[in-house]
Amino acid sequence: MNACIFNFGHCFLPDTSGEALCGNLRLDENEECDPGGAGPHTWDPCCRRNCRLRPGAQCSPMNHACCTSGEIK
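Under my numbering, the first residue of the sequence shown is numbered 33, with each subsequent residue one higher.
Right under this line is the structure:
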């Protein structure tokens, strides 16, 4: 456990680079949504991998608590 924290502890610090990063599950500047990393557990029916909403979607439930099926409720 100590080796893991020593080697990867930086992963738990806030990002201070100021750069937008599509795929971090956080809405950064110029992103409409953010589906997170690639993989079957992060697939978002409302958001494309380029952090843009799919046609017809107003929001992504992965990024907005009040979003249901691509609509803000």
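Virtual Cβ for every residue (Gly too), placed ideally from N, Cα, C. Computed from a predicted structure; not experimentally measured.
With 16 other CB atoms within 10 Å as the buried threshold, where does residue i fall?
i	result
G88	exposed
G69	exposed
Hey, residue i and residue j: beta-carbon distance below 9 Å or not?
i	j	result
C83	E63	yes
C98	C78	no
R81	G55	yes
D66	P93	no
Return the bridge partner residues of residue i from the DSSP annotation.
i	result
D57	Before going further, note that residue 57 is Leu rather than Asp in the sequence given. According to DSSP, L57 bridges with nothing at all.
C99	I104
C79	L85
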